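J.: Position in the sequence shown counted from 1, then plus 1236, gives you the working numbering.
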Amino acid sequence: MAKETKKVERKYVSASKGEVVTKDSKSRATRLRIGAVVLWLFAIACEVLCILYLNGTFFVPSEGLEILNITLLPMTILIIGIVADLILVIIGSQLWKKANHINPISKKNKVKFFLWNQMGLIVAVIAFMPLVIFLLKDKNLDAKTRKIVSVVAAIALIIAGAASIDYSPVSQEELAEAQATYGDDNVYWTTFGKSYHLDENCHTLNRSKTIYYGTIDEAFEANRHDPCDFCVPQGDE
C-alpha cells in the first residue's frame, strides 16, 4: 500500500508594507545606503583607534575599573575594537545589499556594476587589512598577544568579507523586465531559496509551511529574483 503524502498546512504572509514600492524605492534605497556608509565609517574609525592604540597615540585609561576588579589588557582592548569593527561592517553591508535589490544599477558597465554591488567586500578589506598588516609588523606587543590578535583580526576579515559579498546581485534591467512582465500581480516565495513563483500551488512549494506573497518589487527586495524553472515561463519558450 502506497504511503500517503502528509499535506503541509500553509500560512500565507503578505510582504506588503502598505506603501507604493515603485514610487518610494529610490528614496528608501538612498536612506539605506546612507545608513550603510555611516556604519562603515564607524567601522573604519574602530580600526583607526586600534592602530592608534597599538602605536601608543591613543591611550585607554583604567581609572574606575579597579573598583570593579576589571583589568583591560591590550589583547582585550584590541579584540573589543575588532569585534565592534566586524559588527559595523556586516550590518552596513546588509543595508547596502538591501538597497541594491530595491533600486539596482544598470549592468551595462560591468566594472561599475561589480564594484557597486561588492562595495561591502571592498569596505571589509579596508576595515581590516591595514590592521592585520600593522599587527604583523608591530614590535610593542608580546609575541603571544600579537599572534592571537592577528588571528582574530584575520578571521574577522574573512567573516566580514564573506558576509558582505552579494552572491546574487540584481541589475536595473532585470528588475525593469520583471516589472513590465508582472506589473502589480502577486508572486510567491518561501523563507529560503532565491526563486519567485507565479503559481502558489507550484510543486516546488509543497513542503513549505510559510508562503510569502507580494509584488515583483517586494520579491526582489526580499532577494528573490530568480524565476522558478517550473511555474514561470522562460525567455526562450
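Backbone N, C-alpha and C fix where the C-beta goes; we use that ideal spot for every residue, glycine too.
Every value quoted in this text rests on a predicted model; they were computed, and no experiment measured them.
1. Going by beta-carbon coordinates alone, are LYS1430 and ASP1465 separated by less than 8 Å?
2. Quick check on THR1446: does DSSP put it in helix, strand or coil?
3. Suppose contacts are defined by Cβ-Cβ distances below 8 Å. Is ASP1402 in contact with LYS1333 by that definition?
4. Quick check: what's the CA-CA separation for ALA1320 versus ALA1279?
5. Tell me the DSSP secondary structure of VAL1406 in three-state form.
6. Check for me: the alpha helix (DSSP H) holding VAL1325 runs from which residue to which?
7. Less than 8 Å between C-beta atoms, sequence neighbours within five positions excluded: which residues of the same chain meet that for VAL1249?
8. Going by beta carbon distance, what residues of the same chain come within less than 6 Å of VAL1468, once the five residues before and after it are set aside?
9. Taking C-alpha atoms, which residue in SER1263, ILE1326, PRO1310 lies nearest to VAL1274?
10. By a C-beta neighbour count over all protein chains shown, 10 Å radius and 16 as the cutoff for buried, is LEU1301 buried or exposed?
11. In the DSSP assignment, the beta strand (DSSP E) including LYS1343 goes from what residue to what residue?
12. Starting from SER1400, trace the alpha helix (DSSP H) in both directions and tell me its first and last residue.
13. Please list, in chain order, all residues of the same chain as ALA1265 whose beta carbon is under 6 Å from its beta carbon, the five residues on each side excluded.
14. Is it true that the stretch 1353-1373 meets the stretch 1382-1394, where meeting means three or more beta-carbon pairs spaced less than 8 Å apart?
T.: In terms of the structure at hand:
1. no
2. strand
3. yes
4. 7 Å
5. coil
6. 1310-1338
7. THR1446, ILE1447, TYR1448, TYR1449
8. LEU1434
9. ILE1326
10. For LEU1301, the pLDDT reaches just 47, beneath the cut-off of 50, and the residue's location in the model is therefore unreliable, although a value from the coordinates is still provided. So LEU1301 ends up on the exposed side.
11. It is not in any beta strand (DSSP E) - LYS1343 carries neither H nor E in the DSSP assignment.
12. 1379-1400
13. ALA1335, ILE1338, ASN1339
14. yes
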